[in-house]
Amino acid sequence: MQHKWLKAALFTGAVALGLVGGQLNHVSAATDADVPASMTFSQGAFAANTDGAGYMMVRQADGSLNYMISDSFKDSLGNYAYCLESERPTPIGQTGNKGSIGSDAQYRLFKYGFNNHPASDQGYWGIAGLTDQEAWYATQTVSWILAGNFSWNQIVWQASQQGDFADGIYAPYGEAAVNRVKAAATKVYNNVMNNSDTANTTMTLAAQGATDVQGYHKFTYTVQSNQAGTATLNFKNQVAGMKVVDANGNAIANNTVTIGQAFSLLIPDSTPTGDLTFDINGSIKAIVPVVYNDGAQKYQDSISLVTGVVKPLLAGNKAKWTRAAGLIKVHKVDQDGKALAGAEFTLTDDLGNKQSVTTDQTGNAQFSIFGARTYSLEETKTPAGYQGSFKQDGITLKQDGQTFEYTVKNQINKGTVKVHKVDQDGKALAGAEFTLTDNLGGKLTAVTDKNGIAQFQILANRTYTLEETKTPAGYQGSFKQTGITLTKDGQTFEYTAKNTLEKGIVKIHKVDQNGKALAGVEFTLTDNLGNKQTAVTDKDGNAQFAIVANRTYSLKETKTLAGYTGSFQKDDITLANDGQVFSYTAVNAEDVTVHTTATSDGKKSVDANKQMTIDDVVHATGLIVGKTYTVKGQLYDQATGKALLINGKPVTGETTFVAKASVQDVTVHFAFDGSELGGHDVVVFEDLYLGNKKIASHADLNDKDQTVHVTTPKTPETPTTPVTPVTPSTPSTPAPKPVAYQAKMPQTGDAHDNVLAALGVALVALVSGFAGFKIYKKRQA
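Structure, rendered in structure tokens:
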């Protein structure tokens, strides 16, 4: 390996990637491997050995940078080896002698690097465009790190640039190639440092079991290893008639077995109690990393992965046996197969000798038995809270080590807890959750069915508490019963738990547009099942309904007072908690109407005159107190049905007022020249405005209340002037002199006294004239 120095100032901005690694460990077991004593190295297919042509640089302690360049080389076996010394030449064409065994990390270098994963293994690398040279160089980089040449954090991933060196030589590798090598080296480094694969060669003896078969005690084993090989059995003592056989019962030659294949030792069952001792000598393949170097330390130390042989030893293995003895094992369980302690079993032999054993926490009891005896096994006490029995006769040992095993089942005493859930009326309630808790903390949960029933099975030897843990939706209440303990099989505990349905109220307050309570308005409440309730508001405008949980209601105004307008409906009323009150206010607006009474000087009929006035009293209903209204009126001629025009202009009147009550009277005044209206009926049309919006009208040509009749005033006849009578000689009281009177058309708007005075004058004139006429006639006669 060679390198070329470069001024550090050129790369002060370079960033090194920090990685998580593991601790390097050396495996002592690999040092026993029998491996080649020397290796001759030859040129490999790859090189990054042009001056300055490495894929990366190493920052030295003084801040300077040097490129890492190398030649690939192979060992005598044709496998790629890696250099460990970055400052010496590559050992191509040289022979190195065996040095130390490499570490587990160096073993993993070969497993996770280029040797085991060429660039074409994209399933492993996952780096597009990766070449074998790049995969090799990445592996070589990790080898330098493992050998302690530099650390990962000293690496600066950058190829040289044109002009970096005075001789003009620079790396031919672009940024993409550098990035691929960096990614490959990262993968190898992480796998080496974070995995635990080892070069150790292990060997163990696994006992597969011991049985008595066809007159033999049979001991079966397997020699196991993480590598292939053989093992030879070396017996320390001999047993007459013993055999070493394979899994098919065939004799094994030279007592040499194959790693991973089962073998058995057969000892005649007539052999007295004893044991057989043997060693195992292995001859097992070892795949280990080996360091090779030249004695002069002129060339790089190199590491190769080679196959050798190790010879582990397993000493002092024993196979033991006894003669003519056996066991009786009894396993006591409950109905579910769970171990039961406290059951007493008694074993009686044919001589009347007795042994009693009580099952332990695992439910087991065991007795030793011997040949030439016949035994009877019986359960003499059941555990508390259980029932059942067991007896087995005629137990006789037929071979040494024979075991008689019996499983004895007892049934635990069982009972029932039954709870009946009802509402306040005793009606069954589904959906209530009850939890049964035993003294060990075990819990059972059940929900009442449509009949309101939930039940639990309980067992003996427990104390239970029954509690209601969820009430049905829309109900309230609780239940708890403690100290429930079963005293006999089949016992039933029954309880009744009551819940109360949650209730609430829907209140409706009915008012008019001024907030005044309205009585007599009908509301109907309908639930989601179609059930209906009807209520009528009282004098305070109130009505209310009782509601219950688990229903959805709709409240609707179903009858409105005559003369009022408005409606109310509220859907999806659902009770959420007990005692909840839903309050609503419904407003009806009184119908807005106007009715008028028109008069002239308080009369419905008046003579035409030049200064007529009509006062129209407007009776308005449905007013909103405090609002400002305007009444606009206009006079119409009943005969034509058209607006009355005086001097070509309509006759109008207007009054603005603030409502003090919902019903209010206001007067609209009309003044006009009515001298030409004799014989006409004048009708008043009125419109009521709220702001600029007309909200009511009264315009009926045939409404007598709106009509004023105008009459043509009559002119009184002038009496004929009587013949002046002959003055008698005797003076007498002269007749009254007739007074001539010019009739005056009554004027709408004249004072009432003036009208009466005029009528009085006319009457006096008429009487005087009539009297004079009578006198005249008498004189003529």
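Taking the numbering used here as reference, the numbering of the sequence shown is continuous, increasing by one, and the terminal residue is 801. Just so you know, even glycine gets a beta-carbon here, dropped at the ideal spot from N, CA and C. None of these values were measured; they are calculated from a predicted model.
Residue i, buried or exposed, once every other Cβ within 10 Å from all chains shown has been counted against 16
i: residue 370; result: exposed
i: residue 689; result: exposed
i: residue 705; result: buried
i: residue 79; result: buried
i: residue 2; result: Residue numbering for the chain in the displayed model covers 21 to 801; residue 2 lies beyond these limits and cannot be assessed.
i: residue 791; result: With a pLDDT of 48 at residue 791, under the threshold of 50, the modelled position of this residue cannot be trusted; read the value that follows with caution. Exposed, by the Cβ-count rule.
i: residue 538; result: buried
i: residue 57; result: exposed
i: residue 469; result: exposed
i: residue 139; result: buried
i: residue 754; result: Its pLDDT being 44, under 50, residue 754 is placed unreliably by the model, and the measurement read from it follows with that caveat. Exposed: under 16 other Cβ atoms inside 10 Å.
i: residue 678; result: exposed
i: residue 767; result: Residue placement at residue 767 is poorly supported in this model, since its pLDDT is 35, which falls under 50; the coordinates are not used for a value here.
i: residue 665; result: exposed
i: residue 43; result: Only weak support is given to the placement of residue 43: the predicted model assigns it a pLDDT of 25, under 50, and the question is left unresolved by the model.
i: residue 463; result: exposed
i: residue 277; result: buried
9 Å Cβ cutoff met for residue i and residue j
i: residue 360; j: residue 430; result: yes
i: residue 457; j: residue 487; result: yes
i: residue 561; j: residue 579; result: no
i: residue 268; j: residue 299; result: no
i: residue 134; j: residue 156; result: yes
i: residue 723; j: residue 702; result: no
i: residue 252; j: residue 274; result: yes
i: residue 230; j: residue 242; result: no
i: residue 526; j: residue 565; result: yes
i: residue 433; j: residue 407; result: yes
i: residue 261; j: residue 291; result: yes
i: residue 249; j: residue 272; result: no
Start-to-end residues for the alpha helix (DSSP H) that takes in residue i
i: residue 125; result: 124-132
i: residue 152; result: 152-166
i: residue 214; result: 195-214
i: residue 174; result: First-last for residue 174: undefined, no H or E at that position.
Residue i, enclosing beta strand (DSSP E) - first and last residue
i: residue 144; result: Premise fails: residue 144 lies in the alpha helix (DSSP H), 142-145, not in any beta strand (DSSP E).
i: residue 86; result: 85-87
i: residue 229; result: 223-233
i: residue 236; result: 236-245
i: residue 429; result: 423-429
i: residue 445; result: No beta strand (DSSP E) holds residue 445; DSSP gives it neither H nor E.
i: residue 531; result: 523-531
i: residue 710; result: 701-710
i: residue 638; result: 632-641
i: residue 98; result: Counting along the chain, residue 98 falls outside any beta strand (DSSP E), and DSSP gives it neither H nor E.
i: residue 500; result: 500-505
i: residue 697; result: That residue, residue 697, is in no beta strand (DSSP E); it is neither H nor E in DSSP.
i: residue 514; result: 512-518
i: residue 644; result: Element bounds for residue 644: n/a, residue is neither H nor E.
i: residue 716; result: 713-718
i: residue 454; result: 453-458
i: residue 359; result: No beta strand (DSSP E) contains residue 359, which DSSP labels as neither H nor E.
i: residue 118; result: 115-121
i: residue 627; result: 625-627
i: residue 398; result: 394-401
i: residue 328; result: 322-330
i: residue 309; result: 294-313
i: residue 334; result: 333-341
Supposed close pair residue i, residue j - CB separation, criterion 8 Å
i: residue 159; j: residue 87; result: Contact flag wrong, Cβ pair sits at about 18 Å.
i: residue 340; j: residue 384; result: No, residue 340 and residue 384 are not in contact; Cβ-Cβ is about 23 Å, not under 8 Å.
i: residue 308; j: residue 323; result: Not a contact, Cβ separation roughly 10 Å.
i: residue 454; j: residue 439; result: 6 Å
i: residue 204; j: residue 154; result: 6 Å
i: residue 732; j: residue 694; result: Not confirmed; about 11 Å, so no contact.
i: residue 378; j: residue 364; result: 5 Å
i: residue 729; j: residue 605; result: Incorrect: roughly 50 Å between the Cβ atoms, too far for contact.
Short CB-CB distance (under 9 Å) between residue i and chain D
i: residue 583; result: Any reference to chain D falls outside this structure, which holds one protein chain only.
Residue i CB to nearest heavy atom of the ligand ZN below 8 Å
i: residue 682; result: No copy of the ligand ZN occurs in the structure displayed, which carries no ligand at all.
Assess contact between the region 283-290 and the region 314-327, defined as three or more Cβ pairs (one per stretch) separated by less than 8 Å. Is contact present?
By the criterion of at least three beta-carbon pairs nearer than 8 Å, the region 283-290 is not in contact with the region 314-327.
Cβ contact (3+ pairs, closer than 8 Å) linking the region 585-596 and the region 559-575:
Three or more beta-carbon pairs drawn from the region 585-596 and the region 559-575 are found closer than 8 Å, and the two stretches are therefore classed as touching.
Touching by the beta-carbon criterion (3+ pairs, under 8 Å), the region 613-620 and the region 528-544
The region 613-620, when compared against the region 528-544, does not touch it at the 8 Å Cβ threshold.
Quick check: the region 625-643 against the region 673-692, are there 3 or more CB pairs under 8 Å?
Yes: at least three Cβ pairs fall under 8 Å.
Three or more C-beta pairs under 8 Å: does that hold for the region 207-214 against the region 118-134?
Yes: at least three Cβ pairs fall under 8 Å.
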